[in-house]
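K.L.:
Protein chains: 4
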Amino acid sequence: MSSTRRIAVIIGAGPGLATSIAKQLSSTHSLVLLSRSLPNSLSKLNLPSTIPKENILALSSDGSATSLKKAFEDLKKHWPNGKVDIGIYNVNQSFGLRDFLDSDESQLRAGLESGVVGGWNFSQSIIPLFLSNEPDEITGARGVLLFTGATMSLRGGAKFSSLAPGMFARRSLSQSLAREFGPKGIHVGHIILDGIIETDRVKEMMGEDKDHSRLNPDHIAQTYLSMINQPRTAWTQELDIR
Amino acid sequence: MSSTRRIAVIIGAGPGLATSIAKQLSSTHSLVLLSRSLPNSLSKLNLPSTIPKENILALSSDGSATSLKKAFEDLKKHWPNGKVDIGIYNVNQSFGLRDFLDSDESQLRAGLESGVVGGWNFSQSIIPLFLSNEPDEITGARGVLLFTGATMSLRGGAKFSSLAPGMFARRSLSQSLAREFGPKGIHVGHIILDGIIETDRVKEMMGEDKDHSRLNPDHIAQTYLSMINQPRTAWTQELDIR
Amino acid sequence: MSSTRRIAVIIGAGPGLATSIAKQLSSTHSLVLLSRSLPNSLSKLNLPSTIPKENILALSSDGSATSLKKAFEDLKKHWPNGKVDIGIYNVNQSFGLRDFLDSDESQLRAGLESGVVGGWNFSQSIIPLFLSNEPDEITGARGVLLFTGATMSLRGGAKFSSLAPGMFARRSLSQSLAREFGPKGIHVGHIILDGIIETDRVKEMMGEDKDHSRLNPDHIAQTYLSMINQPRTAWTQELDIR
Amino acid sequence: MSSTRRIAVIIGAGPGLATSIAKQLSSTHSLVLLSRSLPNSLSKLNLPSTIPKENILALSSDGSATSLKKAFEDLKKHWPNGKVDIGIYNVNQSFGLRDFLDSDESQLRAGLESGVVGGWNFSQSIIPLFLSNEPDEITGARGVLLFTGATMSLRGGAKFSSLAPGMFARRSLSQSLAREFGPKGIHVGHIILDGIIETDRVKEMMGEDKDHSRLNPDHIAQTYLSMINQPRTAWTQELDIR
Numbered sequence: 000m001s002s003t004r005r006i007a008v009i010i011g012a013g014p015g016l017a018t019s020i021a022k023q024l025s026s027t028h029s030l031v032l033l034s035r036s037l038p039n040s041l042s043k044l045n046l047p048s049t050i051p052k053e054n055i056l057a058l059s060s061d062g063s064a065t066s067l068k069k070a071f072e073d074l075k076k077h078w079p080n081g082k083v084d085i086g087i088y089n090v091n092q093s094f095g096l097r098d099f100l101d102s103d104e105s106q107l108r109a110g111l112e113s114g115v116v117g118g119w120n121f122s123q124s125i126i127p128l129f130l131s132n133e134p135d136e137i138t139g140a141r142g143v144l145l146f147t148g149a150t151m152s153l154r155g156g157a158k159f160s161s162l163a164p165g166m167f168a169r170r171s172l173s174q175s176l177a178r179e180f181g182p183k184g185i186h187v188g189h190i191i192l193d194g195i196i197e198t199d200r201v202k203e204m205m206g207e208d209k210d211h212s213r214l215n216p217d218h219i220a221q222t223y224l225s226m227i228n229q230p231r232t233a234w235t236q237e238l239d240i241r
Numbered sequence: 000m001s002s003t004r005r006i007a008v009i010i011g012a013g014p015g016l017a018t019s020i021a022k023q024l025s026s027t028h029s030l031v032l033l034s035r036s037l038p039n040s041l042s043k044l045n046l047p048s049t050i051p052k053e054n055i056l057a058l059s060s061d062g063s064a065t066s067l068k069k070a071f072e073d074l075k076k077h078w079p080n081g082k083v084d085i086g087i088y089n090v091n092q093s094f095g096l097r098d099f100l101d102s103d104e105s106q107l108r109a110g111l112e113s114g115v116v117g118g119w120n121f122s123q124s125i126i127p128l129f130l131s132n133e134p135d136e137i138t139g140a141r142g143v144l145l146f147t148g149a150t151m152s153l154r155g156g157a158k159f160s161s162l163a164p165g166m167f168a169r170r171s172l173s174q175s176l177a178r179e180f181g182p183k184g185i186h187v188g189h190i191i192l193d194g195i196i197e198t199d200r201v202k203e204m205m206g207e208d209k210d211h212s213r214l215n216p217d218h219i220a221q222t223y224l225s226m227i228n229q230p231r232t233a234w235t236q237e238l239d240i241r
Numbered sequence: 000m001s002s003t004r005r006i007a008v009i010i011g012a013g014p015g016l017a018t019s020i021a022k023q024l025s026s027t028h029s030l031v032l033l034s035r036s037l038p039n040s041l042s043k044l045n046l047p048s049t050i051p052k053e054n055i056l057a058l059s060s061d062g063s064a065t066s067l068k069k070a071f072e073d074l075k076k077h078w079p080n081g082k083v084d085i086g087i088y089n090v091n092q093s094f095g096l097r098d099f100l101d102s103d104e105s106q107l108r109a110g111l112e113s114g115v116v117g118g119w120n121f122s123q124s125i126i127p128l129f130l131s132n133e134p135d136e137i138t139g140a141r142g143v144l145l146f147t148g149a150t151m152s153l154r155g156g157a158k159f160s161s162l163a164p165g166m167f168a169r170r171s172l173s174q175s176l177a178r179e180f181g182p183k184g185i186h187v188g189h190i191i192l193d194g195i196i197e198t199d200r201v202k203e204m205m206g207e208d209k210d211h212s213r214l215n216p217d218h219i220a221q222t223y224l225s226m227i228n229q230p231r232t233a234w235t236q237e238l239d240i241r
Numbered sequence: 000m001s002s003t004r005r006i007a008v009i010i011g012a013g014p015g016l017a018t019s020i021a022k023q024l025s026s027t028h029s030l031v032l033l034s035r036s037l038p039n040s041l042s043k044l045n046l047p048s049t050i051p052k053e054n055i056l057a058l059s060s061d062g063s064a065t066s067l068k069k070a071f072e073d074l075k076k077h078w079p080n081g082k083v084d085i086g087i088y089n090v091n092q093s094f095g096l097r098d099f100l101d102s103d104e105s106q107l108r109a110g111l112e113s114g115v116v117g118g119w120n121f122s123q124s125i126i127p128l129f130l131s132n133e134p135d136e137i138t139g140a141r142g143v144l145l146f147t148g149a150t151m152s153l154r155g156g157a158k159f160s161s162l163a164p165g166m167f168a169r170r171s172l173s174q175s176l177a178r179e180f181g182p183k184g185i186h187v188g189h190i191i192l193d194g195i196i197e198t199d200r201v202k203e204m205m206g207e208d209k210d211h212s213r214l215n216p217d218h219i220a221q222t223y224l225s226m227i228n229q230p231r232t233a234w235t236q237e238l239d240i241r
């Protein structure tokens, strides 16, 4: 780690993929973890004890502009000289397939909030911080902003009428920001997770993954890290993981 | 026209494409036109005098569930024995390219409301009416629901961060509804308009279209009609017009 | 029909979709039908007796430049004053799913020949004829060139390693020609048939289509006709039929 | 390196990207380099002297089944106990934009040969070798097969009518092989290079890349390596680099 503290902010911080990403980044970055239930639920993330507690800051945010403004102010107070150069928008759709005519407008709206509004607000908070950075000596990036996507980011489906719109919209946001801020040195990427992530909960419910069809969160996180380490002259905007 | 009055509902009814679609449908259908500014602005639509006034019902709706509920109640009161079998969701993004960091969350939200929430509410109102219809004798459809899309439904772009999300989301909604209700006899389609529509206002601002690069609204409407007339065994879910 | 004889050329002329397209066009166009087995197999096409025999010219072509050159020369001799303004490239992949390691290079090559080489040669023959036409009075097109595609034009699949490449390539050809010749008044379109076409043979093998899941060739042809009738200011490059 | 010699085969071996990939792999793999002009042109590849000469085998192949059969036989004679577990299909379209009507069928055919036929033959040679491997201890893969793509793999364009078909077809091949052999432990990926690769020749012709818009081959190769190192439970089928 250079003498300046580097900071990665992960929103949608739960015990699956976000924790795996946090582990990958912990050797180079201090971590700011955001979710609705944090900091109370921090112990449930199962972060390894090898990450020093003083390198983790857990804060509450529901993705609203207000809560994010507060969180980034807290971050700045906590580590006033830190350099925020990674942001991960990893908020899940609260999953629930549903017949369209049994659905309520509030479900569509919840899907849009977690799908895109939170990501838009998160980008509004973090991009100005990126723009104030010098380009990274190795990658040339002022900052890296990654969005987690899903199969339903690409294709609608029966019973996905309230879930897919927010994920399509998230993908569109990642593309628009990549085109606007790529020339300014910000790497914006979108990762399409095409499959079920293996977690303790999935294992309980569905048994062992005998045919290697599930996605391992540590292995997914390895690809997030690869994208973060891409030099400016060879950035990936979108990839799938299956 | 058969002895039962057939009714087409067009939301996003302005003097451009919606009026052209209305003209195409007027020989077979009574028309319900919905927009924020209707019925006050009806004269601005330039509907030809050949459409009998008694076959047009102009109502106000901003796409909210409440306003749509009211509009469909008014429709039912006005034509209690009518058969609603066409719906067109033609609401435009109130166009405005904007640097992301000069944008306000309210602009994203406005884009989502017109992009997808209004379409979702419109579908909630109209699909149950479709499901109560017998299949059309010629096409086999119980109803046809068409969504107007745009180039930004497919690709984000610099300065499109508040506009494109709602249009991506609309496309996703059309796909999800097509898969869910196609097997039930409802034809759901999405038309991607890849270009500028020629209107009086565009002509004033940009002059004549010497190189045939603009889209003619009457000609676009011809393709809406073609989709409406497709038999069930050969439905188009998506097409582009350029 | 105007005083000038209008001619449509359909290659890949079999008893299914091509015959349906021929029927749709027969009221306005004389028909040139091309396939490997024509003119011998003409009776198998089941063309209705309402099409005057003198309006049909059946010729042999395997899609090679040589055979197409000959066919277009024969056409010109047969109808020296005709105006060729429609071309349909409807050649099928000779279907055969196959494990990759059980496949032979000749199968890939056959897929490329029917998938794209024949279409490229067909376009080389017909586009110069289009360019010599005046724009159509109604549509503004000098000619319309439509390519039949399939689900495998968009997605590879296990056992499709010899079949899909030619269909992807055909789609690419349609896009390239649309961009190059659209500005010159030629409408180039691509129709993705996403499903099984109902034919006598399919009915025999698979029984009745009880759930409306098969595509009806007459109904597909209706959409080919709609594309042909699109005015220049609102052309569709690609649509799906499902 | 484990006690078994691991071998990577790169076809389309030139002084740009292929050399960069070779450098990335040279610490773990012996290299088999294939191209039309090899082994004669080996010195032009500018491979660093840090790669031991005895770890490089340069062979001639034009992508034909015959030449590839010969090359893989030579490989087996040269390193009889080696384990081939990486294949890179990096053959370029011999670039040349061309008006369609000034093009010759032989140009389309050349595009198909390099675009997809060579890749199909290469896969026929290398996949059986992969299938005979035990899964890699770290990644779980029996082999990794990567195809280099381009912007024209996704979109046709005016003057691309002979170039894009082969690249669309290559993408389709990668998808079909991924679906067929993924379940058998073979990782098949497709990398879309969306931009001009910076090489000495490009620098000479176009000057310095002042706005970071060109792709650096060493940096692209870093992403090839990341894909090769992905564990089986999180494989990328396709990504872009821009």
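Chains as they are written, first to last, in numbering that gives the first Met the number 0: chain A, 0 to 241; chain B, 0 to 241; chain C, 0 to 241; chain D, 0 to 241. Ideal Cβ placement from N, Cα and C applies to all residues, glycine included.
With a cut-off of 9 Å, does the C-beta of LEU44(A) fall near any C-beta of chain B?
P.N.:
Chain B contact via Cβ: absent.
K.L.:
How is LEU238(D) classed by DSSP in three states: helix, strand or coil?
P.N.:
Looking at LEU238(D) - three-state DSSP - the assignment turns out to be strand.
K.L.:
Any idea which residues DSSP pairs ARG5(D) with across the strands?
P.N.:
Bridge partners of ARG5(D): LYS82(D).
K.L.:
In terms of alpha-carbon separation, which member of GLU53(D), VAL31(D), PRO51(D) lies closest to ASP73(D)?
P.N.:
Of the candidates GLU53(D), VAL31(D), PRO51(D), the one whose C-alpha sits nearest the C-alpha of ASP73(D) is VAL31(D).
K.L.:
Does the beta-carbon of ILE125(B) have 16 or more other beta-carbons within 10 angstroms, so that it is buried, or is it exposed?
P.N.:
Flag for ILE125(B) reads buried.
K.L.:
So, under 8 Å CB-CB, TYR88(D) and ILE191(D) are touching, yes? Tell me the CB distance rounded to an integer number of Å.
P.N.:
About 14 Å separates the two Cβ atoms, so there is no contact after all.
K.L.:
Thinking just about the alpha-carbon of each residue, which of THR18(A), LEU100(A), ARG200(A), LEU33(A) is nearest to the one in HIS218(A)?
P.N.:
Measuring from the Cα of HIS218(A), the nearest candidate turns out to be THR18(A).
K.L.:
Which one or two residues does DSSP pair with THR243(C) in a beta bridge?
P.N.:
Since the displayed chain C opens at 0 and closes at 241, residue 243(C) lies outside it and no answer follows.
K.L.:
Whose C-beta lies closer than 6 Å to the C-beta of LEU128(A) among residues of the same chain, with five residues either side of it excluded?
P.N.:
VAL83, listed in sequence order.
K.L.:
At what residues does the alpha helix (DSSP H) containing LEU107(A) begin and finish?
P.N.:
Counting along the chain, the alpha helix (DSSP H) containing LEU107(A) begins and ends at 104–111.
K.L.:
Could you tell me the distance, in whole angstroms, from the CA atom of SER25(D) to the CA atom of MET205(C)?
P.N.:
Looking at the two C-alpha atoms, the distance is approximately 55 Å.
K.L.:
Show which residues of chain D have a CB atom less than 7 Å away from the CB atom of LEU16(A).
P.N.:
The contacting residues do not exist; LEU16(A) stays about 10 Å from chain D at best.
K.L.:
Can you pull the DSSP bridge partners for SER34(A)?
P.N.:
SER59(A), per the DSSP bridge assignment.
K.L.:
Roughly how many whole angstroms lie between the Cα atoms of PRO79(B) and ILE6(B)?
P.N.:
Roughly 11 Å between the two C-alpha positions.
K.L.:
Please decide whether ARG92(D) counts as near chain C, where near means a Cβ-Cβ distance under 9 Å.
P.N.:
Looking at the sequence shown, residue 92(D) is not Arg but Gln. Not one chain C Cβ lies under 9 Å of GLN92(D).
K.L.:
Could you name the residues of the same chain whose beta carbon sits closer than 6 Å to that of GLY81(A), not counting the 5 residues immediately before and after it, in chain order?
P.N.:
ARG4, ILE6, listed in sequence order.
K.L.:
Does the CB of GLY181(C) have a neighbour CB from chain B at under 9 Å?
P.N.:
Yes, because at least one Cβ of chain B sits closer than 9 Å to the Cβ of GLY181(C).
K.L.:
For the segment 218–240 of chain A, enumerate the residues whose C-beta is nearer than 8 Å to any C-beta of chain D, in chain order.
P.N.:
Of all residues in the segment 218–240 of chain A, HIS218, ILE219, GLN221, THR222, SER225, ASN228, GLN229, PRO230, ARG231, THR232, ALA233, TRP234, THR235, GLN236, GLU237, LEU238, ASP239, ILE240 have a Cβ within less than 8 Å of some Cβ in chain D.
K.L.:
May I ask you to list, following chain order, the residues of the segment 58–78 of chain C that have a beta carbon less than 8 Å from some beta carbon of chain D?
P.N.:
Within the segment 58–78 of chain C, the residues whose Cβ lies closer than 8 Å to some Cβ of chain D are ALA64, listed in chain order.
K.L.:
Would ASP135(C) pass as an interface residue toward chain B - the criterion being a Cβ-Cβ separation below 9 Å?
P.N.:
Answer no: the Cβ-Cβ gap between ASP135(C) and chain B never drops below 9 Å.
K.L.:
Report back the beta-carbon spacing between GLY62(B) and GLU104(B) to the nearest angstrom; my notes put them in contact at under 8 Å.
P.N.:
Not quite, the Cβ-Cβ distance comes to about 19 Å (not below 8 Å), so this is no contact.
K.L.:
Would you mind working out which of GLN174(D), LYS75(D), MET151(D), ALA12(D) sits nearest ILE195(D), comparing C-alpha positions?
P.N.:
Ranking the options by Cα distance to ILE195(D), first place goes to MET151(D).
K.L.:
How long is the line joining the alpha carbons of SER42(D) and LEU130(D), rounded to whole angstroms?
P.N.:
Straight-line Cα distance between these residues: approximately 33 Å.
K.L.:
Tell me which residue opens and which closes the alpha helix (DSSP H) that ARG170(A) is part of.
P.N.:
Run containing ARG170(A): 163–180, per the alpha helix (DSSP H) assignment.
K.L.:
Report, in whole angstroms, the separation of the C-beta atoms of ALA233(C) and ASN132(B), which I expect to be a contact under 8 Å.
P.N.:
29 Å between Cβ atoms; not a contact.
K.L.:
Mind the definition here: the segment 159–176 of chain B touches the segment 156–175 of chain A only if three or more C-beta pairs lie below 8 Å; say whether that holds.
P.N.:
Cβ pair count under 8 Å is three or more, so yes.
K.L.:
Please say whether VAL187(A) and VAL116(A) have beta carbons closer to each other than 9 Å?
P.N.:
For VAL116(A) and VAL187(A), no; Cβs fall outside 9 Å.
K.L.:
Kindly list, in the order they appear in chain B, the residues whose Cβ is closer than 8 Å to that of GLU104(A).
P.N.:
What GLU104(A) touches in chain B: ALA64, VAL116, TRP119, ASN120, GLN123.
K.L.:
Check whether the Cβ atoms of PRO230(B) and GLN23(C) lie closer than 9 Å to each other.
P.N.:
No; because the gap between Cβ atoms is not below 9 Å, this pair is not in contact.
K.L.:
Is the Cβ of LYS158(B) closer than 9 Å to any Cβ of chain A?
P.N.:
At least one chain A Cβ lies under 9 Å of LYS158(B).
K.L.:
Do ASP239(A) and THR198(D) have their CB atoms nearer than 9 Å?
P.N.:
Cβ distance not < 9 Å, so ASP239(A) and THR198(D) don't count as in contact.
K.L.:
Name the chain C residues whose beta carbon is nearer than 7 Å to that of LEU214(B)?
P.N.:
Those within 7 Å of LEU214(B) in chain C are THR232, ALA233.
K.L.:
So GLN174(B) and ARG154(A) are in contact, right, with Cβ under 8 Å, and what is the actual spacing, rounded?
P.N.:
Right, their Cβ atoms sit about 6 Å apart.
K.L.:
What are the start and end residues of the alpha helix (DSSP H) that includes LYS68(A)?
P.N.:
Per DSSP, LYS68(A) belongs to the alpha helix (DSSP H) from 64–77.
K.L.:
Three-state secondary structure (DSSP) at ILE195(A)?
P.N.:
The answer is coil: DSSP assigns ILE195(A) none of H, G, I, E or B.
K.L.:
May I ask you to report which of helix, strand or coil DSSP gives LEU96(B)?
P.N.:
It is coil, neither helix nor strand.
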